[in-house]
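Numbering of the sequence shown is given in the working numbering, commencing with residue -16 and proceeding in unit increments.
Quick notes on the structure that follows.
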Amino acid sequence: MFMMVVFILLALLLFLASGAAIHMSVFKVHCGEVSISRKVFGGIVSYGLSALAWSFMYSYHYLAW
C-alpha cells in the first residue's frame, strides 16, 4: 500500500513538473507581456501533452510486467 501511494505521488510530481517545463519553455508564456488567453491555452495544451506522454510511458511500463 505504501509503495502504491509513493508511485502515485511520483507520477503526479512528474506530471506537474513536465507540464510546467513545457508551459514555460515551448510556449514561452511565463513572460509578463503575454495575454491571459494565450497563457490559458498554453497551459491546457502543455499539461495535456504531459498527461499524454506520462500515461503512455506508465501504461507501457505496467504492460511490460
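All residues carry an ideal CB built from backbone N, CA and C; glycine is no exception.
Remember, predicted model here, so these are calculated numbers, not experimental data.
Under the assumption that residue i contacts residue j (Cβ atoms under 8 Å), give the Cβ distance between them as a whole number of angstroms.
i	j	result
Leu35	Ile5	No, Leu35 and Ile5 are not in contact; Cβ-Cβ is about 11 Å, not under 8 Å.
Trp37	Leu(-3)	6 Å
Alpha carbon to alpha carbon, what distance is there between residue j and residue i?
i	j	result
Tyr41	Lys22	28 Å
Ala(-6)	Gly15	30 Å
Ser8	Phe(-10)	27 Å
Met(-16)	Val28	33 Å
Val17	Gly26	13 Å
Phe10	Ser20	13 Å
Leu(-8)	Met(-14)	10 Å
Could you please give the first and the last residue of the uninterrupted alpha helix (DSSP H) stretch that includes residue i?
i	result
Gly15	No alpha helix (DSSP H) contains Gly15, which DSSP labels as neither H nor E.
Met(-14)	-15 to 8
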